[in-house]
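Numbering (this note's numbering), first residue to last: 1 to 310.
Okay, structure coming up:
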């Protein structure tokens, strides 16, 4: 029977970072169980970047403004203490990723480049060309291997083992041969991502974003919070589910309806195409419902115009 001091379920950015942090305690045995090979986790699909108030482009930016933008972007429904902590820690995490080897894009003076993204008051998004998530995922995986983290790749967790209210491990299936294994652990961390694939027609999530971890925790009696808040990335290639990065709008792309109008002027006249994603998504849907899109039904769409950027 396999046994670990800390077992992480999921090997995306969150799971790998958790494993790497746990591995700093050299006397602990760390394991990661993942239903896909780690470098195929959904983090690899994140192109645009990560927000952190480094103030490399505009010195007026700071974690307090980042916190305000995030609270406002949540329609004031977010946990403000958690948001403040995240925004305050964000610069530290970016520099930690840099030191681990993430090849962020650079300004001419050598500092980490930042660009404007939706909902942000300043150019705040740190990025690595158009493959930010990809390089973060590979860097973290390499660092985990360097620090002797053990991986159970292509194992599917079915159940969380609980005894007297304490997690004791998991039951998992080796997908390659169908064998069932009990994995003991003193601590279990779930980092299994989202579940947007339930919205099969209009979402850009990887095929593995099916909410397995949430379902396992729910069946074990663990409370789940804010399940209704699923973010939809506004732009993608029609009928494919392939994401078109927010960088396309960050660099000046227009959203156009069938009348040739930049319709975001009606919904967010100051931010326009760089309004928060939920606002942009609702605006696009409103244009379609009111007959200003192309096509019909679930396959209707609007245009993302990049011609003027050529």
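Where a beta carbon is used, it is the ideal one built from N, C-alpha and C, also for glycine. Note that the structure is predicted; figures quoted are calculated from it, not measured.
| Item | Value |
| --- | --- |
| For residue 28 and residue 19, believed in contact at Cβ under 8 Å, the rounded distance | Going by Cβ atoms, the distance from residue 19 to residue 28 rounds to 10 Å, so no, they are not a contact pair. |
| For residue 274, three-class secondary structure by DSSP | helix |
| Residues bridged to residue 254 (per DSSP) | 305 |
| Straight-line gap, residue 271 to residue 122 (C-alpha atoms, nearest Å) | 11 Å |
| Alpha-carbon to alpha-carbon, residue 30 and residue 147 | 10 Å |
| Inter-residue spacing [alpha-carbon to alpha-carbon] between residue 264 and residue 166 | 50 Å |
| Host beta strand (DSSP E) of residue 174 (start-end) | 166-174 |
| Residues that residue 150 bridges to, as DSSP identifies them | 31 |
| Residue 184 to residue 63 span [Cα, whole Å] | 40 Å |
| Distance between beta carbons of residue 34 and residue 49, contact taken as under 8 Å | Going by Cβ atoms, the distance from residue 49 to residue 34 rounds to 24 Å, so no, they are not a contact pair. |
| Buried or exposed by the 16-neighbour rule on C-beta atoms within 10 Å, applied to residue 114 | buried |
| Inter-stretch contact at 8 Å, needing at least 3 Cβ pairs: the stretch 146-164 / the stretch 81-98 | no |
| Reduced DSSP secondary structure (H/G/I, E/B, other) of residue 118 | coil |
| Simplified DSSP state of residue 61, which is helix, strand or coil | coil |
| Residue 128 and residue 51 closer than 9 Å at C-beta | no |
| Reference residue 297, options 304, 288 and 305, closest by Cα | 288 |
| Beta-carbon proximity check, residue 16 vs residue 140, cutoff 9 Å | yes |
| Residue 77 versus residue 177: straight-line alpha-carbon distance, rounded | 45 Å |
| Local Cβ density within 10 Å of residue 203, reported as buried at 16 or more and exposed below that | buried |
| Reference residue 188, options 70, 160, 197 and 179, closest by Cα | 160 |
| Rounded C-alpha distance that separates residue 37 from residue 232 | 25 Å |
| Residues bridged to residue 161 (per DSSP) | 169 |
| Residue environment, residue 198, which counts as buried when at least 16 other CB atoms sit within 10 Å | exposed |
| Classification of residue 42 by the beta-carbon crowding that lies within 10 angstroms, buried from 16 upward | buried |
| Residue burial classification, residue 224 (beta-carbon count within 10 angstroms, cutoff 16) | exposed |
| Residue 142 to residue 192 span [Cα, whole Å] | 20 Å |
| C-alpha distance - residue 200 paired with residue 108, whole-angstrom precision | 42 Å |
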